[in-house]
Amino acid sequence: MGNRLRVSANALLVMAAVLSVPAWVAAQTTSGAAGKAATNTAAKKTWVLPRTPDGQPDLQGYWTSLSFTPMERPAKYAGREFLTDEEAAQIHKEGIQHSYEFTFNDLAETPVYDATVYALSAWQEGVAPNRRTSLVVDPPDGKIPALTPAAAKVKEAARKAGPNQDYADPNAPVKADVAEDLNLGERCLSFGGPPILPGAYNSNFQIVQGPGYVMIEYEWNNEIRIIPFDGRPQLSQGIHRWHGNSRGHWEGNTLVVETSNFRPGATFQGANANTLKMTEYFTRTDQNTIEYKFTVDDPSTWTKPWSAIVPLSHMQGPIPEYDCSENNNDAVNILAGARATEKAAAEKAKNISQR
Amino acid sequence: MKVTVLSLCLVVFAPIVVRAQTTAQQPPARTASVAPKMPTPGEFPPYKAPRTADGKPDLNGIWQSFVTADISVQDHDAQPGPRPDIMGAYGAWPGGQGIVEGGEIPYKAEALAQKKANAEKRMVINITSDDRRHETGDPELKCYRPGIPRANYEPFPFQIVQSTDNIIMVYEFEHALRTIYMKEDKETPKDAPADSWMGWSHGHFEGDTLVVDSAGFVPWTWFDRAGDYHSDALHVVERYTLVSPYHIMYEATIEDPNVFTRPWKVSFPLYRRMEKNIQLVDFDCVEFVEKMLYGPYYKDPGK
């Protein structure tokens, strides 16, 4: 443990050195804001949007949606869409450090993994600093619009009745009578999406383009979307899919993807599968970045449509096979654990009654 | 409109007029006859495959086999399948001719015994939270990734997504997927970085044939429901040859010195799915097997 942390600390020093290089180079090559602007313009001029052999804008490669930007704008940035470069750099640095040493969502803040074991470190994955204060860009306050009264009611009821799936309270009993009590990820059924969002780790995917379609493979569970843009009609409502069913088209150099036909119970933020429509916009803005915007429109869930921008950063490949159901120890251990808890409770009750 | 109809008539009738003329003058030469020939199964007339924009044979499309090799890669009779008392004809399995060249699989003696034991225990499921879960039971029954070459003859379609650097094969069964790397580099070295269910594959073209070389397999996939199996030394070389607009001739050479005395070969055609607007849909069988796999750990295992 001590050794592992020391290794991490050394690596962090290396990382800090790497991070400071661009700033140093920038300081040397430019002087002040005017110089910086000139450099940016020059870079924009020299970069040419790559195209596939059949002429599509080329979105191919390995990308990560890892980000340290919160979905909604924190109160302290109210009224501000963008951070200063210094603030962005600081958040980026802290985010990298956090993802390098710990898994997210670990309430006790105890080190669980040395991230390098799983190649989880953000700095290896090429994530770039983001100047936005929130991923949500519309509405302009950076907040997801209010739920409709009906959706709010459903959500509250589900929260009260639902199994303890977020394990927020380690002492609360886990409801795991049958596999269906586990969440979709634990069951290896779906890790969600669209939209493409930053996760704590494994926020990686591959884009491959064939003639007339684009394929997106997520690292999580190797889930796949194949998006035709040959003008074919959307499927009827007789077919539902874990990630919805997508149709694409190009608007200039932007790939626009419209998705519906979601499965009830497997939608983004519990939206209504019958009314949810998701539109995604993929625009390659430089060699290492795709600007990815999504618009969520579900009038039965939110009081108005809303949009967010997640920068996608180029990363090293490949995407490994993610065998999930083949070795699903979670399912076994959660179910067996629940049985063991019940058995222990029964024994205890028996002992008390015998006394 | 009139003009169109007239020219159409001309086009339609022209051959007859020409033919009437020639018949009047002399008997038609045999060589001039281009009457289509009835196809002979197993034979394809000479064919040059269309090319992608980057000049490679174009394999893009949705493909499916129609052999029954998923039940057994060798010749086999129809079978009632499990639980005929409730499943009737729904659960019965068709007979079919095998896909193994020469008919025999060259098992080592002890490996043949293992194959037979596998077949007997193909429905014995014992799920633990470690690798013992893989000791019995056909992985297909458990909805595990099918491996290669079985993924290509399961009764489900698969899509070939062809790009320059990578060719992806996406299988409808459990959305199993494999990437075939068309170049070797630091990101995609020749040797597998880790064992996997669908293997680690590199490809190249030889004429109209995509040749795929795969290794780095876990030892847990089977070739069929008859218990045919391999070890982690499995090495598969596949050849995908476009032989018509609608067919790929598929061939796989299977090598595994731990299990077989020599390499052996399977072959069969893949058919292009031609339904208008055909696409893959979801067959995520994981949700269909949970009760079977994890039932012993349920609160009420009988429920």
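Quick note, the sequences are listed as chains D and G, same order. With the first sequence counted from 1, adding 129 to any position gets you our numbering. With the second sequence counted from 1, adding 480 to any position gets you our numbering. Positions of the beta carbon are idealized from the N, C-alpha and C atoms, including for glycine.
Continuous alpha helix (DSSP H) stretch holding residue i: start and end
{"i": "Glu686/G", "result": "Segment 680-686 is the beta strand (DSSP E) holding Glu686/G; no alpha helix (DSSP H) there."}
{"i": "Glu285/D", "result": "278-290"}
{"i": "Glu409/D", "result": "Premise fails: Glu409/D lies in the beta strand (DSSP E), 406-415, not in any alpha helix (DSSP H)."}
{"i": "Phe483/D", "result": "The amino acid at residue 483/D is misidentified as Phe; the sequence shows Gln. Looking at the DSSP string, the run of the alpha helix (DSSP H) that includes Gln483/D is 458-483."}
Neighbour flag for residue i against chain G, beta carbons, 8 angstroms
{"i": "Arg88/D", "result": "Outside the modelled stretch of chain D, which goes from 130 to 484, sits residue 88/D, for which no answer is possible."}
{"i": "Asn351/D", "result": "yes"}
{"i": "Val307/D", "result": "yes"}
{"i": "Asp427/D", "result": "no"}
{"i": "Leu464/D", "result": "yes"}
{"i": "Asp452/D", "result": "yes"}
{"i": "Pro203/D", "result": "no"}
{"i": "Trp371/D", "result": "yes"}
{"i": "Ile368/D", "result": "yes"}
{"i": "Glu256/D", "result": "Sequence inspection shows Val at residue 256/D; the Glu mentioned does not correspond to that position. Cβ-Cβ to chain G under 8 angstroms: no for Val256/D."}
{"i": "Asp183/D", "result": "yes"}
CB contact check: residue i to chain D, cutoff 8 angstroms
{"i": "Gln759/G", "result": "yes"}
{"i": "Glu755/G", "result": "no"}
{"i": "His710/G", "result": "no"}
{"i": "Arg625/G", "result": "yes"}
{"i": "Val716/G", "result": "no"}
{"i": "Ala706/G", "result": "no"}
{"i": "Trp677/G", "result": "yes"}
{"i": "Glu652/G", "result": "no"}
{"i": "Tyr730/G", "result": "no"}
{"i": "Ala695/G", "result": "no"}
{"i": "Val604/G", "result": "no"}
{"i": "Tyr587/G", "result": "no"}
{"i": "Glu770/G", "result": "yes"}
{"i": "Ile660/G", "result": "no"}
{"i": "His684/G", "result": "no"}
Status (buried if at least 16 other CB within 10 Å, exposed otherwise) for residue i
{"i": "Thr168/D", "result": "Residue confidence is low: Thr168/D scores 49 on pLDDT, short of 50, so the model does not pin down where it sits. No coordinate-derived value is stated."}
{"i": "Met662/G", "result": "buried"}
{"i": "Leu178/D", "result": "exposed"}
{"i": "Leu657/G", "result": "buried"}
{"i": "Val604/G", "result": "exposed"}
{"i": "Trp176/D", "result": "exposed"}
{"i": "Ser365/D", "result": "exposed"}
{"i": "Pro626/G", "result": "buried"}
{"i": "Glu455/D", "result": "buried"}
{"i": "Ser442/D", "result": "buried"}
{"i": "Gly381/D", "result": "exposed"}
{"i": "Gln185/D", "result": "buried"}
{"i": "Pro560/G", "result": "exposed"}
{"i": "Ala204/D", "result": "exposed"}
{"i": "Thr532/G", "result": "buried"}
Under the three-state DSSP convention, the category residue i falls into
{"i": "Asp235/D", "result": "Legend: pLDDT at Asp235/D = 49, less than 50; position of this residue unreliable, value from coordinates given subsequently. Three-state result, Asp235/D: coil."}
{"i": "Phe768/G", "result": "helix"}
{"i": "Leu773/G", "result": "helix"}
{"i": "Glu584/G", "result": "coil"}
{"i": "His443/D", "result": "strand"}
{"i": "His227/D", "result": "helix"}
{"i": "Trp677/G", "result": "coil"}
{"i": "Gln642/G", "result": "strand"}
{"i": "Asn350/D", "result": "helix"}
{"i": "Arg625/G", "result": "coil"}
{"i": "Gln759/G", "result": "coil"}
{"i": "Gly616/G", "result": "Note that residue 616/G is Thr in the sequence shown here, rather than Gly. Reduced to three states, the DSSP call for Thr616/G is coil."}
{"i": "His655/G", "result": "coil"}
{"i": "Asp550/G", "result": "coil"}
{"i": "Gly399/D", "result": "helix"}
{"i": "Thr532/G", "result": "coil"}
{"i": "Ile448/D", "result": "coil"}
Start-to-end residues for the beta strand (DSSP E) that takes in residue i
{"i": "Pro357/D", "result": "353-357"}
{"i": "Asn646/G", "result": "646-651"}
{"i": "Ser375/D", "result": "374-380"}
{"i": "Leu592/G", "result": "It is not in any beta strand (DSSP E) - Leu592/G instead sits in the alpha helix (DSSP H) that spans 589-600."}
{"i": "Val717/G", "result": "715-724"}
{"i": "Val266/D", "result": "265-267"}
{"i": "Ile734/G", "result": "727-735"}
{"i": "Ile116/D", "result": "Since the first and last residues shown for chain D are 130 and 484, residue 116/D lies out of range."}
{"i": "Pro560/G", "result": "No beta strand (DSSP E) contains Pro560/G, which DSSP labels as neither H nor E."}
Supposed close pair residue i, residue j - CB separation, criterion 8 angstroms
{"i": "Asn390/D", "j": "Gly377/D", "result": "The pair is not a contact, with the Cβ atoms about 14 angstroms apart (cut-off 8 angstroms)."}
{"i": "Arg433/G", "j": "Asp550/G", "result": "This structure gives no information on residue 433/G, because the portion of chain G shown stretches from 481 to 783."}
{"i": "Lys588/G", "j": "Phe740/G", "result": "7 angstroms"}
Cβ-heavy atom distance, residue i to the ligand GDP, below 7 angstroms
{"i": "Cys317/D", "result": "Absence of the ligand GDP from the depicted structure is noted, as is the absence of any ligand whatsoever, leaving it without description."}
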